[in-house]
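Undergrad: The opening position of the sequence shown corresponds to residue 200 in the working numbering, with each subsequent residue numbered one higher.
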Amino acid sequence: MPDFVQSKPTPPLPSSRRPYTALPLLWAAVVLVLTLTPSDEMPRTPVWELLSFDTAAHAGVFLVLAGLSWFSLHRQHRWPGLARHAGWAVLAGSILFGAIIELLQMTMKLGRHGEWSDLLSDGIGAALAVGVAAAWPARQASRRVRPLASGPWLVLAAAATLSAAPLPGRAQNALLIRARARRTIKALAAPSMYGRGYVKQGEHLAAAYLREQLAQLKLAPLAPNYTQPFTLDVNTFPGRVSASIKADGPAGKMTSWKAGTACIAAPNSGTGTAKGRLLLLDTLVFTKASVQARYLRTQWAGRILLLRAADANRLPTLPAALRQRLNSAAAWITVVPKLTASLAAEQMPQPRVEVLAEKVPMWLDKAIFGDTATGAPQGRTVWSTVRVEAQFQSNYLTQNLAAVVRGSIRPDSFLIVSAHYDHLGMMGKDVYFPGANDNASGVALLLELAAHYAKPENRPAYSVVFLLFGGEEAGLLGSSYFVAHPLVPLKSIKFLFNLDLLGTGEQGATVVNGKLLEAPYRRLVAINEAHHYLPALGARGRAANSDHFPFSEAKVPAFFMYTRGGSAAYHDVNDQPKALSLAGFAGAFGLVRDFLNEEGAAPAAKK
200 MPDFVQSKPT PPLPSSRRPY TALPLLWAAV VLVLTLTPSD EMPRTPVWEL
250 LSFDTAAHAG VFLVLAGLSW FSLHRQHRWP GLARHAGWAV LAGSILFGAI
300 IELLQMTMKL GRHGEWSDLL SDGIGAALAV GVAAAWPARQ ASRRVRPLAS
350 GPWLVLAAAA TLSAAPLPGR AQNALLIRAR ARRTIKALAA PSMYGRGYVK
400 QGEHLAAAYL REQLAQLKLA PLAPNYTQPF TLDVNTFPGR VSASIKADGP
450 AGKMTSWKAG TACIAAPNSG TGTAKGRLLL LDTLVFTKAS VQARYLRTQW
500 AGRILLLRAA DANRLPTLPA ALRQRLNSAA AWITVVPKLT ASLAAEQMPQ
550 PRVEVLAEKV PMWLDKAIFG DTATGAPQGR TVWSTVRVEA QFQSNYLTQN
600 LAAVVRGSIR PDSFLIVSAH YDHLGMMGKD VYFPGANDNA SGVALLLELA
650 AHYAKPENRP AYSVVFLLFG GEEAGLLGSS YFVAHPLVPL KSIKFLFNLD
700 LLGTGEQGAT VVNGKLLEAP YRRLVAINEA HHYLPALGAR GRAANSDHFP
750 FSEAKVPAFF MYTRGGSAAY HDVNDQPKAL SLAGFAGAFG LVRDFLNEEG
800 AAPAAKK
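#1: I'd like to know whether the C-beta atoms of residue 535 and residue 555 end up nearer to each other than 8 Å.
#2: In this structure, what does DSSP give as the bridge partners for residue 507?
#3: If I follow the unbroken beta strand (DSSP E) through residue 430, where does it start and stop?
#4: On the DSSP bridge assignment, give the partners of residue 463 in chain order.
#5: Should residue 637 go down as buried or exposed, given a rule of 16 or more other Cβ atoms within 10 Å for buried?
#6: Would you mind sorting residue 356 into buried or exposed? The rule is 16 or more other CB atoms within 10 Å of its CB.
#7: In this structure, what does DSSP give as the bridge partners for residue 694?
#8: Could you give the distance in angstroms between the alpha-carbon of residue 456 and the alpha-carbon of residue 395?
#9: Could you have a look at residue 624 and say whether DSSP puts it in helix, strand or coil?
#10: Taking DSSP as the reference, what is the three-state secondary structure of residue 772?
#11: On the DSSP letters alone, give me the boundaries of the beta strand (DSSP E) that residue 592 sits inside.
#12: Look at the Cβ atom of residue 463, then the Cβ atom of residue 540, and state whether they are nearer than 8 Å.
#13: Can you say whether residue 496 is buried or exposed, counting buried as having 16 or more other CB atoms within 10 angstroms of its CB?
#14: From what residue to what residue does the beta strand (DSSP E) around residue 468 run?
#15: Is the Cβ-Cβ distance between residue 460 and residue 550 less than 8 Å?
#16: With residue 680 as the anchor, note down where its alpha helix (DSSP H) starts and where it stops.
#17: On the DSSP bridge assignment, give the partners of residue 562 in chain order.
#18: Given a threshold of 16 other Cβ atoms within 10 Å of its Cβ, counted over all protein chains shown, does residue 501 qualify as buried or as exposed?
#19: Indicate whether residue 801 and residue 701 have their beta-carbon atoms separated by less than 8 Å.
#20: Just to check my reading of the structure: residue 483 and residue 503 have Cβ atoms closer than 8 Å, yes? What is that Cβ distance to the nearest angstrom?
#21: What residue range is occupied by the uninterrupted beta strand (DSSP E) comprising residue 579?
#22: Could you give the distance in angstroms between the alpha-carbon of residue 474 and the alpha-carbon of residue 432?
#23: Of all the alpha helix (DSSP H) runs that stay within the bounds of the region 706-774, which reach a length of 4 or more residues?
#24: With a Cβ-Cβ cutoff of 8 Å, do residue 764 and residue 705 count as a contact?
#25: Return the CA-CA distance between residue 792 and residue 722, expressed in angstroms with no decimal places.
#26: Between which residues of its own chain and residue 361 is the CB-CB distance below 7 Å, once the five residues before and five after are set aside?
#27: Using only alpha-carbon positions, find the residue among 508, 630, 730 and 747 that is nearest to residue 698.
#28: Between the Cα of residue 646 and those of 389, 417, 328 and 265, spot the shortest distance and give me the residue it belongs to.
#29: For the region 649-658 and the region 668-677, state whether three or more C-beta atom pairs, one from each stretch, are separated by less than 8 Å.
#30: Could you give the DSSP three-state label for residue 541: helix, strand or coil?
#31: Helix, strand or coil for residue 548 per DSSP?
#32: Spatial neighbours of residue 749 within its chain, please: CB distance less than 7 Å, with the 5 preceding and 5 following residues excluded, ordered by chain position.
#33: What does DSSP give as the partner residue(s) for residue 502 in the beta ladder?
#34: Buried or exposed for residue 229, please, with buried defined as at least 16 other CB atoms from any protein chain shown within 10 angstroms of its CB.
#35: Take residue 627 and list the residues in its own chain whose beta-carbon comes closer than 8 Å to its own, dropping the five residues that flank it on each side.
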């Protein structure tokens, strides 16, 4: 671990006889005079609403003291070792000086009282000075190092202002890990990645970024240029998505739904613009033959079907002939409790949108109440316009990425860390799905583990493979392709650890397959309890909800871990980097690393 305030040793400075040491000593004398003045001689100070003047004064005084001390240490030449560790020395010295002052105030009977809060304020001021002093050289150094190892000192300095004592090594590691993770997540979730989907080559841009990261870490490729290509079919939405409704008559109300926040295209939506009369699906269609008969007679070409999400899920229970008639409607509008986008490998003949229930106006129910296929509605007629510009992509070429750190003892035995990098892409030119938690967060953790094992001192005994899957959102296609066309023998894989949705962690994490693989799960729990990496772990059984599943079905031992708590954004426009706390990210790193080490990834010397 580098020194707290410098990325490299301070070079020797030219000789000088200027008395720089006098500067902090003079200011320390001023501080003693200020803090040891009898209380009855102290002037009145203002009372602030949120922060006491005394607290601010202590922080400000020690900020100046620490700044002068830092400057003095870097300008003298008698103690070069001390200058190389100026941050720790200044911070520790300032806190010690503050503690002496509080002790003197308690024992000299000056009418003043020692306060631990004052000592905390002293530490905050000193840490802020150290952080500011470290910021400039850190910024310069960050331009000369690779992305996964650059610029941590600003983060450490900011964190140090929250504490009056130096951070322990594990806390520093956690801050560094989270700082690098935020940079990775921000890069992958940026608008320039177009949602890492299949509009504007978003997933290819993300793959190019990740190849660069793998190359900078000097990981060995498992395939040419780290790339395992495959194809898929996917429905995309490069153009406009919108919907609106308007009640009949000159005074009729109109409501428009904006893509992304009020409506989204259904994953299998067709392309086109449909205008027609809105017809609410009568739920009796699921139980009464007479209603089914009316719908079979209805001319759907000029109708737009309105239905609730729960009823849409029941449509497969209807007779095939009736489903075919409903599919001939001019458009569909499905009212859903939450906008949750997804991908489909098919395209229906008409435009279909999903509308957020809370965005549906109250007047709509009254306007169409009783409106059925009889053509004699009890309420007012409602007209709707639905527009979706969809494009079906057949045999779209995408890829998995694969890299390896070769084991020093058993290079032909493999441990795998996996995460999918793709997401949902765009809906038109203005709406994209960032996918910060799903799954830029998992990719960020994979890169952290890759950086760890890429260091010569951490070279694993077993080979560790890092797989970045494409096509996960389209149905686990990338991982399924890898299992069908493995780059390493499946029988040689000792364990796979899949990382997805790791941007939170306030409530711990869940481990899919934990109930199936009881012995490995007990080892994972034991590691967590020993080191308190995460607040809690919970086990789930078999679930086809991420890229571990094709491996599990092929009898490869596999876990899928995701964190709980925090942001609930999922498959929507709100899954943004700023929404992620990363509360459990550093803990998840430690937990997965230690588990892999127990499974064979520990360096040979440590084993």
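Here a beta-carbon is modelled for each residue, glycine too, at the ideal position from N, C-alpha and C.
TA: Put simply:
#1: yes
#2: 534
#3: 426-435
#4: 553
#5: buried
#6: Note that residue 356 scores 41 on pLDDT, short of 50, meaning its location in the model is unreliable; the coordinates nonetheless yield the value given after this. Counting Cβ neighbours within 10 Å, residue 356 comes out buried, since at least 16 surround it.
#7: 614
#8: 25 Å
#9: coil
#10: coil
#11: 590-604
#12: yes
#13: exposed
#14: Neither: residue 468 is in no beta strand (DSSP E) and is coded neither H nor E.
#15: no
#16: 676-683
#17: The partner list for residue 562 (beta bridge, DSSP) is empty, contrary to what the question assumes.
#18: exposed
#19: no
#20: That belief does not hold up - the Cβ atoms of residue 483 and residue 503 are roughly 20 Å apart, past 8 Å.
#21: Neither: residue 579 is in no beta strand (DSSP E) and is coded neither H nor E.
#22: 29 Å
#23: 717-730 and 747-752
#24: yes
#25: 13 Å
#26: Legend: pLDDT at residue 361 = 37, less than 50; position of this residue unreliable, no value from coordinates given.
#27: 747
#28: 417
#29: no
#30: coil
#31: coil
#32: 675, 678, 679 and 682
#33: 476
#34: exposed
#35: 436, 437, 438, 439, 440, 458 and 588
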